[in-house]
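Here the structure comes first, spelled out in structure tokens, and everything after it is commentary.
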Amino acid sequence: MKKALLILSPLLGTATAAATPSAPLQYQTGTINILAGKATIQADPTLRYLDATSARHVIVDLWGNPPSAAEDVVGMLIPGTAGPDTQAGWGVVLTESLDGHVSDNDASRINYTNLLHDMQSGEADDNAEREKAGYEAVRLLGWAEQPTYDAAQHKMIWAREIAFGDAKADEHTLNYAVRVLGRDSILELNAVAGMNQLPLVKTGMQNVLQKVSFTPGHRYEDYNASTDKLAAYGLAGLVAGGVAAKKFGLLALLLVLLKKGWVLLLAVPAALSRLFGRSKTA
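Each residue of the sequence shown is one higher than the one before, starting from 208 at the first, in the working numbering.
Structure, rendered in structure tokens:
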């Protein structure tokens with residue numbers, strides 16, 4: 208059984224490590240090069256960038272999580288309206304998937320209602336495993352925003368409403384995802400808040416969508432079939448969780464960060480976690 212990973216903010220109250228005073232976070236604005244120059248972010252005071260070191264500081268030092276929680280994180284985007292240590296705040300975690308070039312040939316053929324049902328179909332088995340391991344059940348309730356694909360920019364955005372355990376309606380979790388497709392990799396941006404923050408986060412993620420892009424030579428249209436890796440899935444598989452989403456299991460690729468009042472889900476390789484989340488005995 209694979210290791211369960213849990214990220215806790217000290218605001219939750221059950222965290223064993225509390226945040227300690229530290230120097231102000233070094234936010235960056237302007238054109239930010241990421242992925243060794245493969246992509247750029249246009250950061251500004253409304254959407255500030257934290258590099259991998261600062262992101263690690265937030266995740267590990269400020270929120271008291273194990274160092275493994277920050278592995279593979281490229282950086283974070285933090286809205287200018289609130290800091291990452293406030294209950295009103297929310298953030299976007301950046302990672303890169305090296306699964307390869309994702310073909311968008313299925314873009315016009317995807318029935319997202321059917322895909323949602325497929326993603327939900329594995330929940331019973333997954334949750335049975337989770338409960339045996341002492342973790343809460345996780346339910347995908349529906350699309351908070353149905354997936355849409357921008358064929359010109361090769362970007363995709365969607366959001367899901369998720370419930371942990373016996374959470375009440377006003378405690379449901381909003382999982383927002385942006386995917387930017389490149390020549391041979393995928394830039395993953397994930398933000399999660401409470402469902403009551405949907406209008407705020409939706410506006411923010413639309414802003415994120417426009418500020419991130421691959422650079423010339425690494426763009427989607429630069430793909431070379433004779434030299435570049437082709438992903439084993441298309442857009443439907445991308446939304447479902449990629450090559451590691453066995454039976455379209457909802458959260459096979461997600462690492463959970465719990466914060467009082469909201470939850471942030473970080474996309475990570477499936478090898479890190481199949482079972483994760485809050486332990487019933489915690």
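Even glycine gets a Cβ: it sits at the ideal position worked out from N, Cα and C.
According to DSSP, residue pairing for residue 382 in a beta bridge involves 367 and 399. In the three-state scheme derived from DSSP, where H, G and I count as helix and E and B as strand, residue 446 is classed as helix. Under the 8 Å Cβ criterion, the region 340-354 counts as touching the region 365-382, having at least three qualifying pairs. When the alpha-carbon of residue 385 is set against those of 353, 402 and 403, the nearest one is in 353.
Taking 8 Å as the cut-off, the beta carbon of residue 299 is found no closer than this to the beta carbon of residue 445. Here the region 390-404 lies against the region 303-318, with 3 or more beta-carbon pairs under 8 Å apart. Of all alpha-carbon atoms in 276, 322, 259 and 244, the one lying nearest the alpha-carbon of residue 424 is that of 244. The DSSP-derived three-state label of residue 291 is coil. Fully contained in the region 254-326 are the following beta strand (DSSP E) runs of length 3 or more, in chain order: 254-258, 282-286 and 299-304. When secondary structure is reduced to three states using DSSP, residue 356 falls in the strand class.
Distance from the CA of residue 323 to the CA of residue 375, rounded to the nearest whole angstrom, comes to 21 Å.
In the DSSP assignment, the residues bridged to residue 347 are 369. Boundaries of the beta strand (DSSP E) around residue 246: 246-250. Per DSSP, residue 411 is one residue of the alpha helix (DSSP H) stretching across 405-418. When DSSP states are grouped into helix, strand and coil, residue 426 belongs to the strand group. Excluding residues up to 5 positions away in sequence, 297, 381, 383, 398 and 400 lie with their Cβ nearer than 7 Å to the Cβ of residue 408 in the same chain.
Classified as exposed, residue 349 has fewer than 16 neighbouring CB atoms from the shown chains inside 10 Å of its CB. One alpha carbon belongs to residue 268, the other to residue 294, and they sit about 17 Å apart. Between residue 418 and residue 233, the C-beta spacing is not below 8 Å. The beta carbon of residue 334 is closer than 7 Å to those of 344 and 345 in its chain, skipping five residues each way along the sequence.
Taking the C-beta atoms as reference points, residue 286 is found nearer than 8 Å to residue 253.
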